[in-house]
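In terms of the numbering used here, the sequence shown opens at residue 56 and continues consecutively. Shown next, in structure tokens, is the structure this report addresses.
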Amino acid sequence: MRALTRVLAAACLAAALAGCSLVPKHVQPAPPLPADWTSGGGAPSQANATLPDWRLVITDEPMRRVVELALEGNRDLRVAVLKIEKAQAQYQIQRADLLPKIDATAGANMQRTPAPLSGKTVAVTSRAYSVGLGFSAFELDLFGRVQSLKDAALEQFLATEESRKSVELSLVAEVATAYLTLAADREHLALAREILETEQASHEVVQSRFDFGVANELDLSRAQTTVDTARVQVARYQALVTADENMLAVLVGQPLAPEFAPAKSLAEVAPVSPVPVGLPSEVLTRRPDVQAAEHQLKAANADIGAARARHFPSISLTGSYGTASNEVDNLFKSGTVAWSFVPQITLPIFNAGAISAGVKAAEAERNILVAQYEKAVQTAFREVSDALAQGASLAAQVQAQTSLTTATAKSYELSTLRYEAGVDSFLSKLDAQRSHAASRQELIAARLGRQANMLTLYKTLGGGWSERPE
């Protein structure tokens, strides 16, 4: 038992000594950000301003349910979750190296030696049996090499978790945008069908006037042209609606059930809640991709410590304790105790500068990741500034397009009355009709662009992870 006590004492000593670390102190790079947004769409920052969870941003209940279905069934998100499980397992493997791995062993060794070699008149057969516990090549982490590798694996795991958040946030915005696009295209399709019905009725009127000699053949030809143009638009938007439905099915991971389909008018879909004003630019440091870059930086910092530790001696222990006998029946009788304890120390003397080069490579990798972290922050700031500028412009476009649509509707109504009264030509009526149809379509596109922009802004700001409801 003394031998076993010594072995266990050595393991405890290893745990006690595993406190020396050569990892450089981590200094988070100062985010290269101005205090406020550079675009005119931003407002002065306010203290404690935060982003709400996406469930509070997406107020339309069917749309929210579709997003939830996508979070459950999307394959890209499923891959991201599986990558987290892989990173977690790798971290646990690296963490296990801090403790000795104890195995139970049982073995037998039988050997026959022929008579000429044994020095006897007959061949000799020897047998040996053993049962025991032991550990092999357990490294005493005196200089924190194993601990540094474990810390690096932990930071890689945390970076993978942030990457999952980034995929989830992008998926929420992508599904919501696809949902709004489907609603907009369905409204375009309804408008195209309405225009087709109007054009067919107008064609019948022109045909009747032509039959009575009131309209000429040119008017009839133009009326037919408008009907055919409307048919083309109906076919075009039917194809777009089908493509939108297929896109949503891929994002959600299953065909969209009828009860979750958007309304036939974009205006009937509850609008996306605007992002709170006064968010400071520092909120970008909480973006999942920026957080992932920071964890990658910390992992590289830990790798430097592991590389530095290779300059110092490495001590490993191998030991076993059990019983041995030449007869199986005698294995557990008194006097059969067998043990071994093999400490080994390795001191690097000459390696042609390989260890120093490894340290320099680790330091260079950290410097690369510092630059990548700063670039991630700057890219995030540019994306938010662009979204803010586009948002201000889109809001003005929606307002102006609404006024234009009202005006073209009145112009189309008056042109129709003047044509029917014989005051204006059919061409004047046709121009007014085309202007009104185009303005209605552009209004749908402007409303869609405004809603999509608010989703983009929410995504580029990083989402409201700290306020996720239970």
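For glycine and all other residues, C-beta sits at the position ideal for the given N, C-alpha and C. Just so it is clear, the structure is predicted and the values come from calculations on it, not from any experiment.
Cut-off 6 Å between Cβ atoms - residues of its own chain near residue i, not counting five sequence neighbours on either side
i	result
E497	Q456
Within 8 Å, strictly: CB atoms of residue i and residue j
i	j	result
E229	P343	no
D115	A325	yes
S411	L188	no
A431	V345	yes
R505	L449	yes
V428	P317	The displayed chain sequence assigns Tyr, not Val, to residue 428. Not closer than 8 Å, so no.
P368	L402	yes
V177	A183	no
F481	D274	yes
Q433	P87	yes
A354	E210	yes
Status (buried if at least 16 other CB within 10 Å, exposed otherwise) for residue i
i	result
I148	exposed
I359	buried
A417	buried
M118	buried
R437	exposed
R502	buried
G519	buried
I400	exposed
G199	buried
E259	exposed
P155	buried
A507	buried
D240	buried
T515	buried
E254	buried
Between the CA atoms of residue j and residue i - distance to the nearest angstrom
i	j	result
R248	F267	29 Å
Q488	L510	34 Å
L512	K205	37 Å
G413	A426	20 Å
G517	L339	7 Å
A238	V327	14 Å
G95	A500	Because G95 sits at a pLDDT of 48, beneath the cut-off of 50, its placement in the model cannot be relied upon, and the following sentence gives the value as read from the coordinates. Rounded to the nearest angstrom, the two C-alpha atoms are 23 Å apart.
T460	T215	49 Å
R219	F193	35 Å
A270	A285	22 Å
D158	P313	59 Å
G128	V134	11 Å
A208	Y146	5 Å
N381	S181	8 Å
L111	T160	59 Å
Neighbourhood of residue i by C-beta, 8 Å cutoff - its chain only, sequence neighbours within 5 removed
i	result
L311	V121, E300, L303 and A304
N385	T391
V289	L244, A247, R248 and L251
D131	V222 and L226
S483	S470, R473 and Y474
S490	T463, S466 and Y467
Sequence-distant residues of the same chain with beta carbon closer than 7 Å to residue i, five excluded per side
i	result
F387	T378
V453	A501, R502 and R505
K319	R241, E242 and A245
Beta carbon proximity, residue i to chain D, threshold 8 Å
i	result
P117	This model lacks chain D altogether; it includes just one protein chain.
Task: Unbroken stretches of the alpha helix (DSSP H), 4 residues or longer, contained in the region 311-398 - done: 343-364
Task: Contiguous beta strand (DSSP E) assignments of at least 3 residues, all confined to the region 176-248 - done: 179-195
- [ ] Enumerate, from N- to C-terminal direction, the unbroken beta strand (DSSP E) stretches of 3 or more residues contained entirely within the region 409-480.
- [x] none
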